[in-house]
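Presented below is the structure to which this report refers.
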Amino acid sequence: MLPIKRKMINRKLKFIVPILIVIIFGIIFANKIDTFSKEKEEEKRISSFFNFQKELIQDTPKLLPSEGKISKEEYVGMLEIPKINLRKGFYSIDSKLNTVNVGLEVIKNSKMPDVENSELVIAGHSGNGYLAFFKDLNKIEKGDLIYITYQGYKYTYKLESTTITDKNGEIEIEKKVDSQTLILTTCNPSNRDKEQLTIVSKLIKKGKYK
15 MLPIKRKMIN RKLKFIVPIL IVIIFGIIFA NKIDTFSKEK EEEKRISSFF
65 NFQKELIQDT PKLLPSEGKI SKEEYVGMLE IPKINLRKGF YSIDSKLNTV
115 NVGLEVIKNS KMPDVENSEL VIAGHSGNGY LAFFKDLNKI EKGDLIYITY
165 QGYKYTYKLE STTITDKNGE IEIEKKVDSQ TLILTTCNPS NRDKEQLTIV
215 SKLIKKGKYK
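Count along the sequence shown from 1, add 14, and you get the number used in this note's numbering.
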């Protein structure tokens, strides 16, 4: 009887293994399709954002600081870090899409760069997957340039300091008086479970978006 049982088990395995392979490849394919779809949607959002920036240049006299004709479901600003080939938009603070579970998150109480002595704090995921927009944040160095496009203007920041602290849900930043800063934070890609990476940059230039 034992040889018969073994044959039955072997037959079951012959059916199960191909099914598992199909399932695994199906999951991988579905993930790739989903990522491709998100990337295409992102391209549309970015294109729409920059087209609107061009419109703002002509309409600037009618706008007040931190105001514009953008809905909560559209990007209000764009973060660009050439060193790591990153270009990603962000939503208004009060948008339901302003969360790291969707993209980048503008931290509460942040001030946009059109406000004097502003401090803009943006968080993002590191690690793997489509949402890991800050996965290479640890590769930028002091002196590297970071750009924020907002309300028809492009703001240029220069990286001043990089800090790694214990991960406890909080970050402490010593802000310089009479300065405008951009702060980017994420789990340290080298030790995501225990460390927080924080990058502080100072505004060095402001110009109209072209």
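No residue lacks a Cβ here, since even glycine has one placed at the ideal position from N, Cα and C.
Burial state of residue i, where buried means 16 or more other Cβ atoms lie within 10 Å
i      : result
Asn131 : exposed
Pro96  : exposed
Val214 : buried
Ser106 : buried
Lys149 : buried
Glu133 : buried
Asn202 : buried
Residue i versus residue j: straight-line alpha-carbon distance, rounded
i      : j      : result
Tyr144 : Ile60  : 16 Å
Pro79  : Leu151 : Its pLDDT being 43, under 50, Pro79 is placed unreliably by the model, and the measurement read from it follows with that caveat. Whole-angstrom Cα-Cα distance: 29 Å.
Gly141 : Ile160 : 21 Å
Val129 : Asn99  : 27 Å
Glu87  : Gln67  : 16 Å
Asp192 : Ile162 : 19 Å
Leu217 : Leu196 : 7 Å
Gln210 : Asn123 : 20 Å
Asn65  : Thr176 : 33 Å
Proximity test, residue i beta-carbon vs the ligand ADP heavy atom, cut-off 6 Å
i      : result
Pro203 : Absence of the ligand ADP from the depicted structure is noted, as is the absence of any ligand whatsoever, leaving it without description.
Same chain, Cβ closer than 8 Å to residue i, neighbours up to 5 away in sequence not counted
i      : result
Leu220 : Here residue 220 turns out to be Lys, not Leu, going by the sequence shown. For Lys220, where only same-chain residues beyond five positions count, the Cβ hits under 8 Å are Pro127, Tyr167, Lys168, Tyr169 and Thr170.
Cutoff 6 Å; reference residue i; Cβ partners in own chain excluding five residues on either side
i      : result
Arg101 : Glu94
Lys153 : Ile98
Val135 : Ile121, Ser124 and Ile197
Own chain partners of residue i with C-beta closer than 7 Å, once the 5 adjacent residues on each side are dropped
i      : result
Gly157 : Lys172 and Leu173
Taking contact to mean at least 3 C-beta pairs separated by less than 8 Å, is the stretch 172–182 in contact with the stretch 111–130?
no
Quick one: which unbroken alpha helix (DSSP H) runs of 4-plus residues sit fully inside the stretch 165–215? Chain order, please.
none
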